[in-house]
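Scroll down for the structure; my scribbles are underneath it.
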Amino acid sequence: MTDTNTPLLTMQNLQIEGLSEDCWKPIVKGVNLSLGKGEVLGLIGESGAGKSTIGLGAMGYVRDGCRFSGGRVHFDGIELTGADRDTRRNLRSTRIAYVAQSAAASFNPAFKLINQHTEFLVRRGLMSREEARKDAIELYRQLQLPNPEEIGFRYPHQVSGGQLQRAMTAMAMACRPDLIIFDEPTTALDVTTQIEVLAAIRNIVEEFGTSAIYITHDLAVVAQMADRIMVLRHGEEVEAADTATMLAAPQQEYTKSLWAVRSFKSAEKAPVAADSVPVVALRGVTAQYPSMQTPVLNDVSIEFHAGRTVAVVGESGSGKSTTARSLMGLLPPVQGDMLLNGAPLSPSFRKRSKDELQAVQMIYQMADTALNPKQRIHDIIGRPMTYYRGLKGRQLTEEIRALLDDIELEPDQYINRLPSELSGGQKQRIGIARALAAGPKLVICDEVTSALDQLVAEGILRLLDKLQHEHNLAYMFITHDISTVRAIADEVVVMQHGKIVEQGPKAQIFSPPFQPYTDLLLSSVPEMDPSWLNRVLAERVAKSA
Amino acid sequence: MNGFLYELRKAPLTAKFGCVVVVAYILVAIFAPVLAPFGESEVVGYEYQPWSTDNWLGTDSLGRDMATRMIYGARNTIGIALLTTMIAFLAGSIAGFFAAVLQGWVDQLLSRAVDVVISIPTLIFALLLLTIFGASVTSLIGVIALIYATFVYRIARAVAMGIVVMDYVEAAQVRGEGLWWIMRKEILPNAAPPLVAEFGLRFCFVFLTISGLSFLGLGIQPPAADWGSMVRENASLITFGDLTPLIPAAAIGLLTVAVNFIVDWMLHKASGLKT
Amino acid sequence: MPYLLRLFVKRLALGLLTLFVVSLVIFLSIELLPGDVAQQVLGQSATPENLAAFRRELGLDQPAFSRYLDWLGGFLQGDLGNSLISGLPISELISERMYNTFFLAGFAALISVPLAVMLGVVSALYRETALDKTINVVALTAISVPEFFVGYILVWLLAVEFALFPSIANLSDGASLGDRIYRTFLPALTLTLIVTAHMMRMTRASLINLLALPYVEMAKLKGASQRRLIVVHALPNAIAPIVTVIAINLAYLIVGVVIVEVVFVYPGMGQLLVDSVAKRDFTVVQTACLIFAATYILFNLASDLISIASNPRLLHRK
Amino acid sequence: MNKFGSYPQIGRRGFLAGSAALVGLSQMPRAARAQPKTGGTLRLSVNQGGTSDTLNPAEANGSQQIMVGWALRNNLTEIGTDNKLKPELATNWSSEDAQTWVFKLRPGVTFHNGKSLTSDDVIASLNLHRGEESTSGAKALLAGVDTIAAEGTDTVVVTLSSPNADFPFILSDYHFQIMPVGDDGELDMSGTGTGGYILESWKPGVKTVLKRNPDYWKEGAAHFDTVELLLISDSSAATTALVTGEIDAVQSAEYKTLSLLGRDKNVEIESISGGFHPVFAMQTSQAPFNDNNVRLALKYGVDREALVKQVLRGHGTVANDHPVAPSMPFYDASLEQRAYDPDKAKFHLKEAGLDSLTIPLSVSDSLFAGAVDAVTLYREHAAPAGIDLEVAREPGDGYWSDVWMKKPFFTSSWGARPVPDMIFATAYSKGGDWNESQFSNDKFQQLMLAARSELDEAKRAQMYGDMQVILRDEGGSVIPFFRNFVYARRADVQHGDNVASNWSLDGYKAIERWWKA
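From first to last, the protein sequence lines stand for chains A, B, C and D.
The opening residue of the first sequence carries number 1 in the numbering used here; numbering runs sequentially from there.
The opening residue of the second sequence carries number 546 in the numbering used here; numbering runs sequentially from there.
The opening residue of the third sequence carries number 821 in the numbering used here; numbering runs sequentially from there.
The opening residue of the fourth sequence carries number 1139 in the numbering used here; numbering runs sequentially from there.
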């Protein structure tokens, strides 16, 4: 099927630089690559590895503020880095196409899908408008979009994320290009949606024999999609090999460490004592936004015990973050009770006493928006200490330093920094420190690792685990990532459509017999095995039959 | 400060030009009595004398030295415009932050009140209020500040609305922080950059409004020198091909251009666009 | 579409409320003005009996509140009332001035709006080039100089030095459109210079903001040319901010041109309003202010509706 | 060398200080003055008026209303270009005792609507300004009228409550325009009159268009086919429009641009001696002004020539501490002019037992252009005499209610009056409404009353001369100068050898008196 002898695309010592603070700094530092006709190459690496830049470079394109600084890109005999604008422009759509990470943001909101689909098909004179539309509908059908006749006549915002991603793949296919660049096409999707999109993409690429570069940070995904994998780090190739070889026997230390990420697991804890009073408890909580007809939370009851982690898991819109908001008093329940150490907790944070506010603290998903960019670390961490615990002067400074030590940041170095002077993982650590600074009983961790690279995320999980032991904290751990749940949870709550589908000790939830939704969720998590996708799909077909 | 100078050295030519002009104006305004060859409203000769070594820019319609009045005009016009803009920003920002943080009826009330003021033509409203309170410098500053505070309110509110949805503001609210603390510590530092840029623009508008009012005879009252009324008083000369009366107008234009250049540069930097 | 209609009705109601409050504010302001219409009309030579007779004639001896209610009652029934001073019906007094004002505003808008959008697109297209920078510096300068400066310069250049256009807008009845355009050319040009820059800068800024968005990059990656990128892909999404700034400027062309009217002796609403404030002619001030406020509110409403109509996300809900 | 040319040459053309013989002659006769020619359009710029202007003469108070009124209508009497009273709609008038006045109306005069002029029209037009309900600005002028009656259709008899020899003069006031009475008995104030022009369009505050009345009864008047009056309140816009030829004449030209305007070959500037004058009024009822020596000291302490030159740029005549301007009837040209003499001032101060005098003089910018400058200059003039005048600058708003006639020494300003009696009665007689100096002089009072009933012109002239002496030597008013009317026209707009000086623009009658070459 693959013909690697006559490469469609080659990169020789490709170098790309980006402008940062008035200096040109290398982003891609001499990458060599060769892609045969019909071949799918997976590019994998953490953020900052330069994988998107290489992907775009394959189209002869660099973003504003970047430039080709060396090397060559040959596409079917055409050298792209030095080609004039029209040459490069004319290749796009017709011969090279691109599928972006966020389809919702990458479709023009002002036009209907089908018009965007047919735009260049018609402009380049490949088809008449009518033919183009027919063809689009055919592609929609092949990509298993619902209502293929009609869906193209919707605006982007009227179509769900997974469908948009398939529509974008269809658009990339419109001119039947020789090469498609997939830039993290499923990263923003829920796992149950992701599996469908992955299947659709793989089928159509196979069907048309299109070459593809598949960019992702997710090993399990790339294992399903790629014939060959290239691992990137800091703009350089770490190693490249056939998928099977790469998975079975990575050569480089870095690759091995990537492969090993999922090894962390918190220690097993004894079951909760029957007479133990939960630190915080939700009893039949139902919540509703004033402007909405139906409740967003329906009869939710969860208990949080000191020293234990309750993982709340579900897809977007399942109500897991809303539960946290109700708990914080930001969305007062319309029904049900919240208890703090067995005593009722006011529904609204405005009515809570300082002690009550102190007891429940939150760590946010996006450290960027959770930390005031104009406050120094000293103030960010110090304020809750002053506010709740009345610490001042030297005592305060010492406490801050101790806490920084606790979160494994060198106090002297970090105490006076601004959030913008920290890396993503460091910011998240400050977020943790701020929650701890208050001296809480329950810490809500809302998707705290989702935005982080795997290695960094693991560090955060280890830190949280350590702190839990040290401070006997109760955690509410909100996540959509099953592997994180496996790693850190003591109890698991599975939510869907604002309701609890299933809850119980981790071992119970993750072992058969499965509740159907939990089963769907679990089985949709990609596995490293290249045959996983085929297997799951086959299993599902069998089940539904 | 060093950081600023460093930034300035890398700034585009237009921004450098803007800074030089603004500094020059400020110096002239501060040292007006030292720099001016004559008294502010001293009659030194016949009206409309041509440029000469004694009267660099000739004399005005009453025989006062134009150059002297230009210099004093810088002081009056800029000083008043600056003070007015500052008051407008203080009042407008506080109200805007207030509305953004509290939302609900406070926001509704303030916003609707601002709608009312904004929908009355600026010059007419100023005219009415200035006739009521008399065309003194104090009421001029008060009235223009009130009118411009409404524009500032809208901007400050919009900026603050973008900030209050940030998690760190929510964190502060949930921590139990008071309104004043949230406005001062969480919102103000983050709203400052766009507001500062807006300050530059609004300063220009205030400046133009005041000179417009002076032109209509309602702004800074004679015999105080003011660029707007200087144009009006001497406008007849233009008919005769003498463009001296346009010098004060050009001075207004130059300053606003300069401020705009600086603002543009700051906005450019703030937006993170490539230079 | 019922969404748009509902919004329209809601905003219209809010606008009417605003107008009502505006009328109260104006009424109170005029009440607070020193001196009254009788003193202003009769001047220095007025005797107390004269004043009393005059006030009685105009109903100024009634309490303020009942005068306001009288006026409001009439206004709601479509009766704008008479000028306190000349006794002429206000509709008569204002209609021609209003026509003049709208004519000038329309004239200036017809030149400036297309010009501004075009220049904005061009400078976005050729951003960071010499052309863009030149357009920007000129625009900035145009924003920065006082209106009377622009007016006088044009008078000097085009009326005195080159005698191409009249320096004052002496309109006569029944003049042809061509003559009218000729006579109002200088004021219209002045206004054009003032408002174009603002709209052009906003057009440019909104377009450039959009250029950083993923869907514009996507269009680029689909092979769109610079021109197509800006005109076809970015411009439809920039309609909202551009229309908003156009609305503000159009409103300004109607309500904010007192100075230009003075410079060119143009018989528009602005002069009338300034005159009537000086004379304390409450009914005229009130009506003119309400017309201005209504203009402002309607333009804003229109711009909001266009913004929504231009945005499928708001127009076609899920 | 001087780019504006030398200091006002043009301005001095009309500057005829103290010379009564030439009053009203604004210009030397030109070599070849063209004869009046019919046709063309006159475009006049006026600066007084607004949206609120009406055609009701009772409410007239600005140049726009006055000029339009006089273009459309006539009075019974008018002030001619020689500043003398002339018959207009009345062919003649007579009185035995100056108390009962008989006016004969001009026969064969018709209004624009075809109606003939009758005594009913005259009576109704005059009655507009009388009675309880009248809001007329001229109500006070007719306060002394007892009855107005018709004797047939061509005679009107007016009976006064006390004699007033000036009554025919009063009727030349712009308020007393004659309008037709309609069939319903109401006055037609829509603009119909007997005047030389017919109203074409009337847009208050903007412009007025008039068409020539082809059937005008007056000989050699109303030459233009069309007249446009434009309201241009911005003086520089008016100047520009005059220079660019968009208007033909401006009602008032600013001193400051005269020298520039004068260089334009197409523009003629006229400077006409008028009656407007400022007054530095002392309250003679209280110390120190109850001592005439102090008053004289202050009168000698002002350099009138300097004020005329510096405040008026030469466009005025020095005054002699009485309000009778050279352009007014009964002006006594033989009266010796008081000169600036600090020594005499010092002397009179000493006579009053004072070494020096420190006194505030109130003034406001709003009084007239250059008011504060005038007081500032006065202060310098008076200083050598040991008089320290403090310039007390008052706000313009409320000056007339809070400062005028309230402070001991203040500045005021007075417009022109057609006859001396009108200003004597209001401002210098015991019990006069606006007797600002609290002047009370028995001889003056007797003379004033006697002059009113005296019909012999020579005797009246003697009496008014005596009154001028009394005011000059004993009055409480320092009157430094009379200001000229300064206006400009395009050179192709021409007028007769004389122009009236009771108002600007040929007594506001340029519309019917001037023509286009």
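Glycine included, every Cβ here is placed at the ideal spot set by N, Cα and C.
Separation of residue j from residue i, as counted between CA atoms
i              : j              : result
residue 327/A  : residue 342/A  : 14 Å
residue 366/A  : residue 417/A  : 19 Å
residue 218/A  : residue 631/B  : 53 Å
residue 1489/D : residue 1426/D : 12 Å
residue 938/C  : residue 952/C  : 12 Å
residue 160/A  : residue 104/A  : 9 Å
residue 825/C  : residue 1106/C : 30 Å
residue 569/B  : residue 1565/D : 56 Å
residue 736/B  : residue 636/B  : 15 Å
residue 1242/D : residue 1475/D : 42 Å
residue 1525/D : residue 610/B  : 30 Å
Chain-ordered chain C contacts of residue i [CB-CB under 9 Å]
i              : result
residue 1368/D : 988, 990, 1085
Under 7 Å between C-beta atoms of residue i and residue j
i              : j              : result
residue 554/A  : residue 236/A  : Since the first residue of chain A shown is 1 and the last is 545, residue 554/A is not available in this structure.
residue 99/A   : residue 169/A  : yes
residue 488/A  : residue 312/A  : no
residue 668/B  : residue 849/C  : no
residue 1412/D : residue 1554/D : yes
residue 1609/D : residue 1460/D : yes
residue 1618/D : residue 1379/D : no
residue 276/A  : residue 305/A  : yes
residue 617/B  : residue 577/B  : yes
residue 903/C  : residue 913/C  : yes
Reduced DSSP category for residue i - H, G, I as helix; E, B as strand; rest coil
i              : result
residue 670/B  : helix
residue 731/B  : helix
residue 844/B  : Nothing about residue 844/B can be read from this structure; chain B reaches only from 546 to 820.
residue 576/B  : coil
residue 641/B  : helix
residue 1350/D : strand
residue 1284/D : strand
residue 287/A  : strand
residue 78/A   : strand
Chain B contact residues for residue i, given Cβ-Cβ distances below 7 Å
i              : result
residue 1349/D : By Cβ distance, chain B contributes nothing, its closest Cβ being about 31 Å from residue 1349/D, past 7 Å.
residue 1093/C : 669
Per-residue contacts from residue i into chain D (C-beta, under 8 Å)
i             : result
residue 975/C : 1378
Closer than 7 Å at the beta carbon, the chain C residues around residue i
i             : result
residue 100/A : 1034, 1038
Within chain D, the residues that residue i reaches when beta carbons sit closer than 9 Å
i             : result
residue 570/B : Neighbours of residue 570/B on chain D: none; closest Cβ ~27 Å, over 9 Å.
- Task: With a floor of 4 residues, list each alpha helix (DSSP H) that falls wholly inside the segment 397 to 428 of chain A, ordered by position along the chain.
- Result: 411 to 414
- Item | Any alpha helix (DSSP H) of 4 or more consecutive residues that is wholly inside the segment 1543 to 1625 of chain D | 1558 to 1565, 1580 to 1591, 1595 to 1612
- Scan the segment 181 to 219 of chain A and note each continuous beta strand (DSSP E) run of 3 residues or more that stays entirely inside, going in chain order. 211 to 216
- Message: At 3 residues or longer, what runs of the beta strand (DSSP E) sit wholly inside the segment 1389 to 1454 of chain D?
- Response: 1405 to 1420
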